[in-house]
Each structure stands twice: as structure tokens, then as C-alpha cells.
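Trainee: If you want the working numbering, it's the position in the sequence shown, counting the first as 1, plus 385.
Quick reminder that beta carbons are idealized off the backbone N, C-alpha and C, glycines included.
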Amino acid sequence: MRGTGGSIINISSGAGIAPQPNTSGAYAASKGAVRIFTKSTAIQYARENIRCNSVHPGPIETDMLLGTRPDGDELDVMMGRVPLARFGRAEEIANGVLYLASDESSFVTGSELVIDGGRTAQ
């Protein structure tokens with residue numbers, strides 16, 4: 386990327402911004418570290434036209450989410466914390482990543498794209 390520029394996109398989590406009950410402290414800390422690493426990298430490589438941003442998904446409807454949380458009541462509680470009242474879809478995260486990788490975001494660096502249905506806005 387040096388000399389030609391480019392885009393680095395780190396995937397973090399909404400837990401790195403605002404951990405929810407039952408979030409592992411180690412998990413939240415590791416995702417918070419991704420936030421700061423992203424910002425530091427953005428500053429370090431900006432003069433080389435290398436952008437660095439992070440994506441912070443909220444609860445996404447995947448086999449992982451549904452498989453690790455088999456209790457329907459617990460899923461309802463999780464969904465109740467999302468103002469849009471639904472889980473996100475993997476395609477919605479992918480669209481955010483595609484935006485950050487594209488020239489449409491050529492003036493975006495050191496930013497956090499939070500895709501969580503409003504969960505961290507509360």
C-alpha cells in the first residue's frame with residue numbers, strides 16, 4: 386500500500402464502545418484496543434494515503450449468535466436493547482466494509498462505523 390495508498394478496515398465490536406451486561410471484560414477490552422489501534426494507525430499512515438477505520442457491529446443474526454444463546458428469553462432481552470428492535474444481518478456489515486474500502490470514503494480515516502441498530506446510542 387505504501388506509495389499507492391489504500392484502506393485498512395479493522396473489525397471490532399459494539400462491546401468495545403459500550404459493553405452490555407454479561408459481556409466478558411477481556412472481550413470488551415480487546416475490542417476497545419482495536420479502536421485505539423485503528424486511530425493510531427490512521428494517524429501514522431495518513432501521509433502515505435493509507436486510511437484506517439474500524440467497524441463495530443452490534444448483535445448480528447448469525448449461527449454463532451443463535452447457537453451460543455439458545456434461550457429465547459435471552460435473545461428477546463438482547464433484542465430489547467436494540468432501538469431498531471431487530472438483529473442486524475451480515476450483509477449490512479459487509480456493505481459498511483465495502484463503503485470504507487471504496488473511493489467513496491476517500492476522506493474517512495480514524496473513524497468508527499457503528500452498525501448496531503442504535504444500541505450504543507443509548
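Once DSSP output is grouped into helix, strand and coil, what is the label at N407?
Mentor: DSSP places N407 in coil when its eight states are reduced to three.
Trainee: Leaving out five residues on either side along the sequence, give the residues of the same chain with a beta carbon under 6 Å from the beta carbon of M463.
Mentor: So the qualifying residues of the chain are P444.
Trainee: Is it the case that the CB of S392 approaches a heavy atom of the ligand SAH more closely than 7 Å?
Mentor: This structure simply doesn't include the ligand SAH, nor any ligand for that matter.
Trainee: Helix, strand or coil for G401 per DSSP?
Mentor: Residue state, collapsed to three classes: helix.
Trainee: Would you call the CB atoms of P442 and D501 closer than 8 Å?
Mentor: Cβ atoms of P442 and D501: closer than 8 Å.
Trainee: By DSSP's criteria, G391 is part of a beta bridge. Which residues make up the other side?
Mentor: Answer is I435.
Trainee: Is the beta carbon of S415 sitting closer than 8 Å to the one on A486?
Mentor: No, these two residues do not count as a Cβ contact at 8 Å.
Trainee: According to DSSP, is E446 part of a helix, a strand, or is it coil?
Mentor: Coil at E446, not helix or strand.
Trainee: With I396 and V467 assumed to form a contact (beta carbons below 8 Å), what rounded beta-carbon distance in angstroms separates them?
Mentor: Wrong, their Cβ atoms sit about 19 Å apart, outside the cutoff.
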